[in-house]
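Mapping of the sequence shown onto numbering that gives the first Met the number 0: residues 0 to 396, in sequence order.
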Amino acid sequence: MIKPASRTQNFTYAIRNIVVEAKRLEAEGKQIIYLNVGDPVPYGFNTPEHLVEAVAKAVRDGLNGYAPSAGIPQAREAIAAEAERRGVKISPDDVFITSGASEAADILLSAMLEPGDEVLVPCPGYPLYTAILAKLGAREVPYLLDPEDNWSPSIEAIKASISPRTRAIVIINPNNPTGAVYGKERLLQLVEIAAEHRLLIVADEVYWRMTYSEPAPPIATLVDKEVPVVTLESMSKIYLAPGWRVGWMKISNSHLMKDLLVAIRKMADARLCSPCPPQYAIKPALEGDHSFLEQVMQRFRELRDITYRRINACESLRCTLPEGAFYVMAQMRRLGEATDEEFVLSLLRQTGILFVHGSGFGMKPSEGYFRIVYLPPPEVLNKVYDTLEDFVRSWNR
Numbered sequence: 000m001i002k003p004a005s006r007t008q009n010f011t012y013a014i015r016n017i018v019v020e021a022k023r024l025e026a027e028g029k030q031i032i033y034l035n036v037g038d039p040v041p042y043g044f045n046t047p048e049h050l051v052e053a054v055a056k057a058v059r060d061g062l063n064g065y066a067p068s069a070g071i072p073q074a075r076e077a078i079a080a081e082a083e084r085r086g087v088k089i090s091p092d093d094v095f096i097t098s099g100a101s102e103a104a105d106i107l108l109s110a111m112l113e114p115g116d117e118v119l120v121p122c123p124g125y126p127l128y129t130a131i132l133a134k135l136g137a138r139e140v141p142y143l144l145d146p147e148d149n150w151s152p153s154i155e156a157i158k159a160s161i162s163p164r165t166r167a168i169v170i171i172n173p174n175n176p177t178g179a180v181y182g183k184e185r186l187l188q189l190v191e192i193a194a195e196h197r198l199l200i201v202a203d204e205v206y207w208r209m210t211y212s213e214p215a216p217p218i219a220t221l222v223d224k225e226v227p228v229v230t231l232e233s234m235s236k237i238y239l240a241p242g243w244r245v246g247w248m249k250i251s252n253s254h255l256m257k258d259l260l261v262a263i264r265k266m267a268d269a270r271l272c273s274p275c276p277p278q279y280a281i282k283p284a285l286e287g288d289h290s291f292l293e294q295v296m297q298r299f300r301e302l303r304d305i306t307y308r309r310i311n312a313c314e315s316l317r318c319t320l321p322e323g324a325f326y327v328m329a330q331m332r333r334l335g336e337a338t339d340e341e342f343v344l345s346l347l348r349q350t351g352i353l354f355v356h357g358s359g360f361g362m363k364p365s366e367g368y369f370r371i372v373y374l375p376p377p378e379v380l381n382k383v384y385d386t387l388e389d390f391v392r393s394w395n396r
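This is the structure:
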């Protein structure tokens, strides 16, 4: 019997892991409504045609070989140019194209951390970071996002969590899983902490164009020349192409990270490259028409408002109003002796509705949180909340 490495015992990814039970039920003939993965495409949010054509043309033109490890030049140049339009001065040499922002995070943290090093990660937070840090033998140090303050980061909690082994702080804005958007004032407080303790800021800004009111300012525009920032972005959500696996990292203040840049290049070389044809959609995406997003965000807003209204109208449930992305972190306040995962699995088995339990994002199992992906059309979403309301009434009885 070949034994797995012990570090895999701590390697979990709740968003995907919970699907195992859903697939078992589906194989038995139960209809499942999957509201666990943030993929807009199955719900009719289609990739813009000019981007599809750019990839198709690349394939037809025979651009199907390996790309340079850091990405094709025209894409890196377009990313650097867009960054400058937004007030972030970087060069194309500071850009690395990856297989989604997930690989960017993996390469960055793998190039930076030693076993035992600590990284401040939001709680609730995206479980990708938990999984990467477990793989590396590094330590995840959660910092609280306060549900009573619309899921804003607790500055005091962050300050209290810093130790001599702390190397970086991850800031997800707009936030997954809560849908919160942090404004300039709160971000400046986070930047001040990073500057004081000489921490690298990992700015996960995958959803930066997807806000309902105020835009999310790029963290890299708020730092001076003494604070290193690595920004993670992708085409998955904003450009509705998650299956293409196109993402990138942007290095700000690279003069502070010369050795780290060498290590990142080594990591990028070792995995050869990210998929080549989809990289040819980056330039037309960044420089092209973004009017498609107006309709997308209008539809998201309708679905968000339905979700907020229905959740808060249901006895024992509550949520805050998301300001970005397409997620909400709801709470079942009368959980009893059960855990959040038991609540979510019971809902799945009885109704076929699949959410993700809050403890999969680092919350305490007893607090009753669960994440909803509100992407289905209004008629489906309202039926989901009708069923959820009936289930909660039964649970309370």
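For glycine and all other residues, C-beta sits at the position ideal for the given N, C-alpha and C. Model, not experiment: these values are computed from the prediction.
A residue is called buried when at least 16 other Cβ atoms come within 10 angstroms of its Cβ; R309 meets this threshold and is buried. Counting C-beta atoms within 10 angstroms of its own C-beta, K236 has 16 or more neighbours from the protein chains shown and is therefore classed as buried. In the DSSP assignment, K249 forms a beta bridge with V94, T230.
In this model, A167 and D258 are separated by some 16 Å (Cα to Cα). L271 sits away from I78, with the two beta carbons spaced by 8 Å or more. The beta-carbon separation of P123 and F360, rounded to 4 Å, stays under the 8 Å limit for a contact.
Counting the other Cβ atoms within 10 Å of the Cβ of M266 gives 16 or more, which makes it buried. For I168, the enclosing beta strand (DSSP E) starts and ends at 165-171. Taking 8 Å as the cut-off, the beta carbon of Q278 is found no closer than this to the beta carbon of A104. M256: not part of any beta strand (DSSP E); DSSP gives it neither H nor E. Membership of F369 in any alpha helix (DSSP H) is not indicated; the residue belongs instead to the beta strand (DSSP E) covering 368-372.
Per DSSP, P41 lies in no beta strand (DSSP E) and is assigned neither H nor E. The beta carbons of T230 and S253 sit no closer together than 8 Å. Assignment of R59 by DSSP, reduced to helix, strand and coil, places it in the helix class. Residue state for E213 is assigned as coil, using DSSP reduced to three classes.
Of the residues assessed, S290 falls on the exposed side of the cut-off, its CB having fewer than 16 other CB atoms within 10 angstroms. Check the Cα spacing between I131 and each of G335, T177, T338, T7: the tightest is with T7. Under the three-state reduction of DSSP output, D268 falls in the helix class.
Where M328 is concerned, the enclosing beta strand (DSSP E) starts and stops at 326-331.
Looking at the DSSP output, Y142 sits in a beta bridge with P121.
Going by DSSP, A202 is part of the beta strand (DSSP E) stretching over 199-203.
Sorting D38, V58, V19, S68 by C-alpha distance to the C-alpha of S273 places S68 at the top.
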